[in-house]
Amino acid sequence: MIHLEDARRIIAAAEKKAKEIGQPMNIAVADAGGNLVAHVRMDGAWLGSIDISIKKAYTSRAFDISTKDLATHSQSGGQFFGIHASNDGKIMIFAGGIPLKRDGKVVGAIGVSGGSGEQDHAVAEAGAAAY
Numbered sequence: 618m619i620h621l622e623d624a625r626r627i628i629a630a631a632e633k634k635a636k637e638i639g640q641p642m643n644i645a646v647a648d649a650g651g652n653l654v655a656h657v658r659m660d661g662a663w664l665g666s667i668d669i670s671i672k673k674a675y676t677s678r679a680f681d682i683s684t685k686d687l688a689t690h691s692q693s694g695g696q697f698f699g700i701h702a703s704n705d706g707k708i709m710i711f712a713g714g715i716p717l718k719r720d721g722k723v724v725g726a727i728g729v730s731g732g733s734g735e736q737d738h739a740v741a742e743a744g745a746a747a748y
């Protein structure tokens, strides 16, 4: 279970990485049900990325896969092509969402948005590592 204290620790680690790379980010942490536990919009982060970060966390938890990997499989001809249109538009197939695991079981997810796909994924990895 992801508690607020966990979410704050995850967000702090992700913020640290975002500052290191010089890219303000939106960082969201979701629980096992895909529900938002906490969100931070760093100073200067895009307003449009608030929703994207939350949806990346939801997507990563809903399918227990990083959004980076889901993006690869959701291209035309891929096994998940069209998945982004499911779940009332809540599915985000851009890099930056990573499941959070404890004892091999997915218990939540982090979603990050505000930079390139590589930057979003790197910041999400830093946050996930803090869990």
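Per my numbering: the sequence shown = residues 618 to 748. Glycine included, C-beta positions come from ideal geometry on N, C-alpha and C. Since the structure is predicted, the reported quantities are computational estimates derived from the model, not experimental observations.
- In the three-state reduction of the DSSP assignment, Lys718 falls in the strand class, which pools E and B.
- The Cβ neighbour count for Asp648, taken over all protein chains shown within 10 Å, is at least 16; the residue is labelled buried.
- The C-beta of Asn652 has fewer than 16 other C-beta atoms within 10 Å across all chains shown, which makes the residue exposed.
- Beta-bridge annotation (DSSP): Asn643 is paired with Arg658, Ser730.
- Non-local C-beta neighbours of Phe680 in its own chain, meaning closer than 7 Å and more than five positions away in sequence, comprise Leu687, ordered along the chain.
- Bridge partners of Gly725 according to DSSP: Leu717.
- Taken through DSSP and simplified to helix, strand or coil, Leu664 comes out as coil.
- Under DSSP, Leu653 forms a beta bridge with Ala647.
- The segment 623-638 makes contact with the segment 726-745: 3 or more CB pairs, one atom from each, lie closer than 8 Å.
- DSSP places His620 in the coil class of the three-state scheme, outside both helix and strand.
- A check of alpha carbon separations from Ser693 across Arg678, Ile710, Gly731, Val729 identifies Ile710 as the nearest.
- Asp660 and Phe698 have their C-alpha atoms spaced approximately 35 Å apart.
- Taking a 10 Å sphere around the C-beta of Met618, we find fewer than 16 other C-beta atoms and assign the residue as exposed.
- 7 Å or more divides the Cβ of Ala702 from the Cβ of Lys685.
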